[in-house]
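Enquirer:
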Amino acid sequence: MNLRATLALSCLSCSLWLACSSSESSDASDASDASDAGDAESGRTDAAVSCTPGERRCEGSNATVCVAGGDGWNTLECSNGCSAGMCAPISLETGWVVHQFDLLNDGIKTPANYTFESNGLVAVQSANPMASVYYDDTPLPEGIEVQGRFSVRTGADDDLIGFVFGWQDPEHFYLLDWKQATQSDSTCGLAESGVALKRVNAQTTIDDCTDLWRSSGTDRVSTLVPAIDNPVGWADYADYELRLHFRPGDIQIEVWNDGGLVFMITSNDATYRSGKFGFYNYSQENVRYEFFTILPMP
11 MNLRATLALS CLSCSLWLAC SSSESSDASD ASDASDAGDA ESGRTDAAVS
61 CTPGERRCEG SNATVCVAGG DGWNTLECSN GCSAGMCAPI SLETGWVVHQ
111 FDLLNDGIKT PANYTFESNG LVAVQSANPM ASVYYDDTPL PEGIEVQGRF
161 SVRTGADDDL IGFVFGWQDP EHFYLLDWKQ ATQSDSTCGL AESGVALKRV
211 NAQTTIDDCT DLWRSSGTDR VSTLVPAIDN PVGWADYADY ELRLHFRPGD
261 IQIEVWNDGG LVFMITSNDA TYRSGKFGFY NYSQENVRYE FFTILPMP
């Protein structure tokens, strides 16, 4: 082969290599562009999330908090707005629902009666009612903190007050109930003084007063933390502060009075992972609830 032919063949080989390389580079670029487009459509990002655990901030009307691992955010929509990473106190008047338990063997048939003050930020239950729940009908995500004040503004009675959370429906929820004084009823059983944490998990309608009165529980209501563990009853006219932390398998409830811890209850029950929050009352009048906030947990 002469020199001219050799050079021609070399140039042809070089051209083919450049063409192939250019094609491969173009294909890789196209694939990368397609991948980037797919990531954009799915909301994914290659940038790692990094934040300080417990850091709070507002995003519009949403409150967000950096999770414990520092690699993501929990978010909760604030119904009354967000400031400095904290939801404003929620309305206790708008969007709430009363559920009355129709207990066939209980003679109390008076319905709960809620009135409101301070533009709906304060609620007062004034009746001596049948067992009832007054709950916020807004679904809540996993991992919430609830804080607020409550008190009984009378010395005339000694029955059950409390809270529900993880509320799915009237047969499935967590119940914190608090009795001022021990009381035995020939039909409904023994209600002991003190505070108890219970899990309501019923396959049929709650229609027997033993389910909600008797401290030891029934086949439809399991006692997770008994009243005997925290036997002190609530006090007339005392101002209490509720602090509830609730995520799947991690329940912590504290009640404070005048800067001192009254009781703390914990449970690792994970039957209900999330749910609605509300107030519970069984035959106790003049209960006052004030300035409740709900926040996402770290």
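When we follow the working numbering, the leftmost residue of the sequence shown carries the number 11, and every step to the right adds one.
A virtual CB, placed ideally from N, CA and C, is assigned to each residue, including glycine.
Computed from a predicted structure; not experimentally measured.
Measuring CB to CB, does residue 304 end up less than 8 angstroms from residue 279?
Expert: no
Enquirer: Could you check if residue 140 is buried or exposed, using at least 16 other CB atoms within 10 Å of its CB as the buried criterion?
Expert: buried
Enquirer: Using only the alpha-carbon positions, how far apart do residue 250 and residue 117 sit?
Expert: Straight through space, the alpha carbons of residue 117 and residue 250 are spaced by roughly 30 angstroms.
Enquirer: Residues in the same chain with beta-carbon distance under 8 angstroms from residue 266, minus the five sequence neighbours each way, listed in chain order, please.
Expert: 250, 251, 253 and 272
Enquirer: What is the DSSP secondary structure of residue 225, reduced to helix, strand or coil?
Expert: If DSSP states are grouped into helix, strand and coil, residue 225 belongs with coil.
Enquirer: What are the boundary residues of the beta strand (DSSP E) that residue 232 is part of?
Expert: Here the beta strand (DSSP E) through residue 232 covers 231-235.
Enquirer: Tell me the start and end of each unbroken beta strand (DSSP E) in the segment 151-235 that is at least 3 residues and wholly inside, in chain order.
Expert: 154-162, 170-179, 182-189, 193-195, 199-201, 204-211 and 231-235
Enquirer: Reducing DSSP to helix, strand and coil, say where residue 238 ends up.
Expert: helix
Enquirer: Looking at the unbroken beta strand (DSSP E) that takes in residue 7, where does it start and where does it end?
Expert: Nothing can be reported for residue 7: it is not among the residues displayed for the chain, which extend from 11 to 308.
Enquirer: What does the Cβ neighbour count give for residue 288, buried or exposed, with the cut at 16 atoms within 10 Å?
Expert: buried
Enquirer: If the criterion is Cβ atoms closer than 8 angstroms, does the pair residue 205 and residue 221 meet it?
Expert: Using a Cβ distance threshold of 8 angstroms, residue 205 and residue 221 do not count as a contacting pair.
Enquirer: Using 8 angstroms for Cβ pairs, my map puts residue 210 next to residue 181. What's the rounded Cβ distance?
Expert: 7 angstroms
Enquirer: CB residue 225 to CB residue 236, shorter than 8 angstroms?
Expert: yes
Enquirer: Looking only at its chain, what residues have a beta carbon closer than 6 angstroms to the beta carbon of residue 49, apart from the 5 residues adjacent to it on each side?
Expert: In this prediction, residue 49 has a pLDDT of 42, which is less than 50 and means its spatial position is unreliable; nothing more can be read from the coordinates.
Enquirer: By the DSSP assignment, the beta strand (DSSP E) with residue 142 in it spans what residues?
Expert: Residue 142 -> beta strand (DSSP E) spans 142-146.
Enquirer: Can you tell me where the beta strand (DSSP E) holding residue 59 begins and where it ends?
Expert: Taken as a continuous stretch (DSSP letters only), residue 59 belongs to no beta strand (DSSP E), as it is neither H nor E.
Enquirer: Rounded to whole angstroms, what's the CA-CA distance from residue 243 to residue 277? Just pull it up for me.
Expert: Straight-line Cα distance between these residues: approximately 21 angstroms.
Enquirer: With C-beta atoms as the reference, is residue 113 less than 8 angstroms away from residue 187?
Expert: no
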